[in-house]
Amino acid sequence: MRDRRHVDRVITAVNSPSAAAHSSLAASWRRSATRHGLDPSDDRLDERLGQADIKRRLGRLERFMHIATPRLDHLFGLVGVSGCGVFLTDETGLVLDRRVADADATAFDHWGLGVGTDWSEASEGTNGIGTCLAEKRRVTIHRDEHFFVRNIGMSCLDAPIFGPEGELVAALDVSSARADQTEAYNRLIGAMVAQAAQAIEADFFRASFPGARIVVADRDHGDGSVLLAVDGDDLVVGATRGARRTFGLEPNGTLKVRPAADVLGRGDGPSGFEKAERAAVIRALARADGNVSRAARGLGIGRATLYRRMKRLGLGG
Numbered sequence: 060m061r062d063r064r065h066v067d068r069v070i071t072a073v074n075s076p077s078a079a080a081h082s083s084l085a086a087s088w089r090r091s092a093t094r095h096g097l098d099p100s101d102d103r104l105d106e107r108l109g110q111a112d113i114k115r116r117l118g119r120l121e122r123f124m125h126i127a128t129p130r131l132d133h134l135f136g137l138v139g140v141s142g143c144g145v146f147l148t149d150e151t152g153l154v155l156d157r158r159v160a161d162a163d164a165t166a167f168d169h170w171g172l173g174v175g176t177d178w179s180e181a182s183e184g185t186n187g188i189g190t191c192l193a194e195k196r197r198v199t200i201h202r203d204e205h206f207f208v209r210n211i212g213m214s215c216l217d218a219p220i221f222g223p224e225g226e227l228v229a230a231l232d233v234s235s236a237r238a239d240q241t242e243a244y245n246r247l248i249g250a251m252v253a254q255a256a257q258a259i260e261a262d263f264f265r266a267s268f269p270g271a272r273i274v275v276a277d278r279d280h281g282d283g284s285v286l287l288a289v290d291g292d293d294l295v296v297g298a299t300r301g302a303r304r305t306f307g308l309e310p311n312g313t314l315k316v317r318p319a320a321d322v323l324g325r326g327d328g329p330s331g332f333e334k335a336e337r338a339a340v341i342r343a344l345a346r347a348d349g350n351v352s353r354a355a356r357g358l359g360i361g362r363a364t365l366y367r368r369m370k371r372l373g374l375g376g
């Protein structure tokens, strides 16, 4: 009876001329039904990808997976004891990494949440992983918000992870099939997922620009890391998706070369950048006991560049 009510609710929303315009959930349900041709009552699980194909996908993201691993371990250490599983997918929704307690493994296998399974919206309809990737934002899909009736016992909390050129790289998911999981608990876990995803994104960005100085913005709200990579000539050579959006840079791909001062000095940019840069220079000078040459080496820039920066920041020379 409960299953029938869920199917009827989904179909009613899909057929409503206005539901999708007023609800992101209804919009996802409509995509699942009309764009992907899915039936909410379908209880068939898709087959897992073969080991050779999984290995090939992992090889393509080897450096990213290496960087993400410690963060996944830490997140699982926080949520695994409560019956939650931690999953990482590629940009298509294919599960590449799974961390679950031994006692919970059978349950997650039953739900079809294993390495090599496809959790895109095209395959599983509205769900945490697929909807997060489709909408490129944090989502929580709680129990009967799922499209398929076979998935309504789960709660899924997800955040996207973007690469150093603003491209979508992965989704980080924490899922649970606990019947007593409340929406308040979901908010707590969702915050942990978002924090871990941002940390992975920032770590991957830093590793992608090993010789650059990383400038961090102060942020009051919003998702994703807001970071700029600045080279020894004071040119911006990289920006996270959040920084690209904040400063109106190219949304993805290779950046047009710009002096850092042109980007950081914009009136519509956050003042936190100037404060962060000034604080970084002051810290470097303090560590070097005021020796400009040593401070420059610590920052990974030339002595002349540091003098110019100090002058611009009003730090003397």
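Numbered by our numbering, the letters in the sequence shown go through residues 60 to 376 in order.
Just so you know, even glycine gets a beta-carbon here, dropped at the ideal spot from N, CA and C.
Every value quoted in this text rests on a predicted model; they were computed, and no experiment measured them.
Within this structure, are the beta carbons of proline 99 and phenylalanine 206 separated by less than 8 Å?
For the purposes of this step, residue 99 is identified with residue 40 of the sequence shown, where counting begins at 1. For the purposes of this step, residue 206 is identified with residue 147 of the sequence shown, where counting begins at 1. Yes; because the gap between Cβ atoms is below 8 Å, this pair is in contact.
Does the contact criterion of 3 or more C-beta pairs under 8 Å hold for the region 281-296 versus the region 255-266?
yes
What three-state label does DSSP hand arginine 21 in the structure shown?
Because the chain spans 60 through 376 in this model, residue 21 falls outside it and cannot be assessed.
Looking at the unbroken beta strand (DSSP E) that takes in proline 219, where does it start and where does it end?
For the purposes of this step, residue 219 is taken as residue 160 along the sequence shown, with counting starting at 1. Note, proline 219: beta strand (DSSP E), 214-221.
What span of residues does the alpha helix (DSSP H) with aspartate 306 cover, start to end?
Taking the sequence shown and counting its residues from 1, one reaches residue 306 at position 247. Note that residue 306 is phenylalanine in the sequence shown here, rather than aspartate. Residues 300-306.
On the criterion of 16 or more Cβ atoms from any shown chain inside 10 Å, does proline 377 qualify as buried, or is it exposed?
What is shown of the chain runs 60 to 376, which leaves residue 377 out entirely.
Express the C-alpha separation of valine 252 and alanine 243 in angstroms, rounding to a whole number.
Taking the sequence shown and counting its residues from 1, one reaches residue 243 at position 184. Taking the sequence shown and counting its residues from 1, one reaches residue 252 at position 193. For alanine 243 and valine 252, the distance between alpha carbons rounds to 14 Å.
Identity of the residue in Ala193, Leu153 and Leu247 nearest cysteine 143 by Cα:
Working through the sequence shown from its first residue, we reach residue 143 at position 84. Minimum Cα distance to cysteine 143 is reached at Leu247.
Should proline 269 go down as buried or exposed, given a rule of 16 or more other Cβ atoms within 10 Å for buried?
Translated into the one-based positions of the sequence shown, residue 269 becomes position 210. Proline 269 should be labelled exposed.
For arginine 202 and serine 179, the rounded distance between their alpha carbons:
The residue given as residue 179 occupies position 120 in the sequence shown. The residue given as residue 202 occupies position 143 in the sequence shown. Using only the alpha carbons, I get a separation of about 17 Å.
Helix or strand or just coil, what does DSSP make of alanine 271?
Mapped onto the sequence shown, residue 271 falls at position 212. DSSP places alanine 271 in coil when its eight states are reduced to three.
Backbone secondary structure at aspartate 101 - three-state DSSP
Taking the first residue of the sequence shown as 1, we reach residue 101 at position 42. In the structure shown, aspartate 101 sits in coil (DSSP, three-state: anything other than H, G, I, E or B).
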